[in-house]
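Number 409 in our numbering belongs to position 407 of the sequence shown; there are no gaps in the numbering.
Even glycine gets a Cβ: it sits at the ideal position worked out from N, Cα and C.
A quick write-up on the structure given underneath.
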Amino acid sequence: MKKFLLLILAISPITSAFSQADNEALKFKLNESGSHYFQATLLNQTWLRSTENNPGTTVEGNLESQSTDIGLRRTRMQLFGQITDRTFIYFQFGQNNFNAQYNSTSNRKIAPFFHDALGEYRISDKNQLKVGGGLSIISGLSRFSQPSIGTITTMDVPVFAQTTVDQIDQFSRKLSVYVRGQIGHWDYRYILSDPFPITSNGQTPPALAPVSNFALKGHNLQHQAYLIYQFFDQESHTTPYMTGSYLGTKKIVNIAAGAIYQKDAMWNKQVSSPDTTYQNMVHWAIESFVDIPLNKEKHSALNAYIGYFNTNYGTNYLRYNGVMNPANGTTATAANSISGQGPVYGNSYPMFGTGSVVYTQIGYLLPSKNASMSNRWMPYASATLASYDRLHGFSSNTYNAGINYYIQGNKSKLSLDFQNRPSFLVNQGELVKGQRLNSVTLQFQLFI
3 MKKFLLLILA ISPITSAFSQ ADNEALKFKL NESGSHYFQA TLLNQTWLRS TENNPGTTVE
63 GNLESQSTDI GLRRTRMQLF GQITDRTFIY FQFGQNNFNA QYNSTSNRKI APFFHDALGE
123 YRISDKNQLK VGGGLSIISG LSRFSQPSIG TITTMDVPVF AQTTVDQIDQ FSRKLSVYVR
183 GQIGHWDYRY ILSDPFPITS NGQTPPALAP VSNFALKGHN LQHQAYLIYQ FFDQESHTTP
243 YMTGSYLGTK KIVNIAAGAI YQKDAMWNKQ VSSPDTTYQN MVHWAIESFV DIPLNKEKHS
303 ALNAYIGYFN TNYGTNYLRY NGVMNPANGT TATAANSISG QGPVYGNSYP MFGTGSVVYT
363 QIGYLLPSKN ASMSNRWMPY ASATLASYDR LHGFSSNTYN AGINYYIQGN KSKLSLDFQN
423 RPSFLVNQGE LVKGQRLNSV TLQFQLFI
């Protein structure tokens with residue numbers, strides 16, 4: 003932690019260099035009025051992090067109880083535009099989770115890829131009905147299943163809401179056709195997706211077992227639906243991505259519900275039976291989102307969210323995951339850890355599973371005489387309260403608290419985040435809770 007704090011002090015003077023920046027969007031008019039346009043945006047999120055590692059963690063062959071690493075959480079380029087009165091096109095290219103251990107066993111140069119590539123046609127005069135298709139993150143479960151990562155309130159999104167990330171999708175993106183729109187107070191979307199086979203995710207598939215995993219045989223389309231009721235202002239509707247915070251510029255109070263269904267997506271096999279059992283994957287969620295100005299004279303604002311998620315991947319499914327994992331190995335074995343469900347080393351913990359999750363967050367944009375979003379502060383806190391069947395009654399709760407310093411809104415900001423997460427061990431065949439572990443992360447975001 004000492005080295006981490008010294009690095010924070012070393013880079014803090016750079017913030018003043020960006021406080022006077024006034025970057026304009028890279029937007030090109032395609033007609034005289036500008037109603038037809040093509041636009042480019044660039045985003046980079048750099049992390050400096052200190053992490054207490056899971057027991058038995060190794061980094062390049064050495065046991066490490068703690069790691070300090072630097073990485074690129076996200077590096078993205080968006081290209082999009084209103085090409086005609088009714089035709090919209092969108093591309094996103096970039097990479098994620100790039101640190102010293104990323105792809106360290108092969109070629110570190112192959113990571114960037116297309117996240118999105120879609121075309122959309124607006125059938126109605128306004129936003130009542132749009133149809134589109136391509137490679138897209140558009141989802142039916144929750145606003146955090148399709149987040150606008152440049153505008154999120156907390157330093158990072160609750161990744162569990164991207165339920166099949168890098169399993170049967172490409173970093174949460176699927177090949178899909180969809181309809182979406184806004185009618186009065188209602189905002190809706192329906193998506194028909196063609197998932198990727200689990201065999202193409204770059205990992206060795208687990209063997210058939212009594213616990214469910216994604217099926218290696220068979221293929222079915224995935225259905226998704228999402229419905230929002232907006233009490234006051236309507237949310238942005240340019241892209242399928244959903245804004246994290248409007249920083250008090252809108253009065254948003256919403257309730258929403260969503261679902262994902264895929265027939266026979268999962269399979270398992272009991273030891274005593276020769277037959278393979280297929281199971282449907284069914285997720286649903288209900289949620290409420292609030293983003294409102296509190297005091298117009300002092301320019302303060304509230305951002306809050308609560309959601310309940312019921313996730314069913316089949317019998318006792320559980321998946322460990324660690325964001326931009328700082329480690330690459332472990333001395334743990336099947337005898338003393340939950341095996342076969344992803345890496346148990348580094349910062350991994352049970353992130354996905356059959357069961358239920360309550361996620362909540364709150365952020366408060368502090369009062370200021372300054373009406374602009376330069377030199378503003380927003381403290382926040384979040385909690386992920388997960389109960390997964392495979393953990394036999396133990397909870398997998400994760401807590402985050404931090405603060406955003408908006409140098410110039412979301413164009414240039416620093417975020418300092420503290421996370422407390424669970425760990426689990428197996429002792430003589432019995433699952434037991436390990437010690438809770440912490441990490442501290444400083445993020446520097448630039449968004450043009």
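Pairing Pro57 with Gln445, the inter-Cα distance amounts to about 26 Å.
Residue pairing of Ala385 in beta bridges, as defined by DSSP: Thr362, Tyr401. Listed in chain order, the non-local C-beta contacts of Leu304 below 7 Å within the same chain comprise Val292, Ile294, Leu296, Tyr366, local neighbours out to five positions each way being set aside. DSSP places Asp391 within a helical segment (H, G or I) once states are collapsed to three. The C-alpha of Gln41 lies about 8 Å from the C-alpha of Gln80.
When the five nearest sequence neighbours on each side are left out, the beta carbons in the same chain lying within less than 8 Å of the beta carbon of Asn372 are those of His301, Arg378, in order along the chain. The beta strand (DSSP E) runs of length 3 or more contained entirely in the stretch 184-257 are, from start to end of the chain, 188-196, 224-232. Taking C-alpha positions only, Thr240 is separated from Tyr408 by approximately 24 Å. For the pair of segments examined, the stretch 154-161 was found not to touch the stretch 191-200: the number of CB pairs separated by less than 8 Å stays below three.
Between Gln447 and Lys415 the beta-carbon gap is near 5 Å, inside 8 Å, which marks them as a contact.
With respect to the 8 Å criterion, Thr356 and Asp391 are classified as neighbours on the basis of their beta carbons.
Rounded to the nearest angstrom, the gap between the Cα atoms of Val346 and Gln103 is 15 Å. Inter-residue distance for Tyr228 and Glu432 is about 40 Å (C-alpha atoms, whole angstroms). For Asp168, no beta strand (DSSP E) encloses it, and the DSSP letter there is neither H nor E. A Cβ-Cβ distance of about 7 Å is found for the pair Glu54 and Ser441, placing them in contact under the 8 Å criterion. In this structure, Met268 places its C-beta atom within 8 Å of the C-beta atom of Asn215. Non-local beta-carbon contacts of Ser397 in its own chain, meaning distances under 8 Å to residues more than five positions away in sequence, involve Leu387, Ala388, Ser389, Pro424 in chain order.
Scanning Ser150, Ala337, Phe420, Gln437 for the CA closest to the CA of Gln430 turns up Ala337. Here the C-alpha atom of Thr153 lies approximately 10 Å from the C-alpha atom of Tyr243. Each residue's CA atom was taken as its position, placing Thr206 and Glu299 some 57 Å apart. Put simply, of Arg182, Tyr39, Lys271 the residue whose alpha carbon is nearest the alpha carbon of Ser126 is Arg182. The continuous beta strand (DSSP E) containing Val284 extends over residues 279-297. Annotation for Thr333: no beta strand (DSSP E) segment contains it, and DSSP assigns it neither H nor E. Within the stretch 86-174, the runs of beta strand (DSSP E) at least 3 residues long that lie entirely inside it are, in chain order, 89-100, 115-124, 132-138. Pairing Glu237 with Ala258 gives a Cβ-Cβ distance that is not under 8 Å.
Taking C-beta separations shorter than 8 Å and ignoring five residues to either side along the sequence, the partners of Val325 in its chain run Arg75, Asn99, Asp158, Val161, Asn349, following chain order. Each of Gly63, Thr317, Ser52, Ser67 was checked against the Cα of Gly73, and the nearest Cα belongs to Ser52. Gly316 carries a coil assignment under DSSP once its states are collapsed to helix, strand and coil. Cβ-Cβ separation between Ala329 and Ser69: approximately 6 Å, consistent with a contact (criterion under 8 Å). Between Leu320 and Gln172, the alpha-carbon positions lie close to 20 Å from each other. Annotation: Asp266 to Thr279 spans about 9 Å, alpha carbon to alpha carbon.
Under the DSSP assignment, Gln437 falls outside any beta strand (DSSP E); it carries neither an H nor an E label. Residue pairing from DSSP places Ser52 in a beta bridge opposite Thr70, Val442. Just so you know, the alpha carbons of Asn33 and Thr86 end up roughly 9 Å apart. Comparing alpha carbon positions, the residue from Ile91, Ala113, Gly404 closest to Leu137 is Ile91. By alpha-carbon distance to Gln410, the top candidate from Thr400, Ile450, Phe311 is Ile450.
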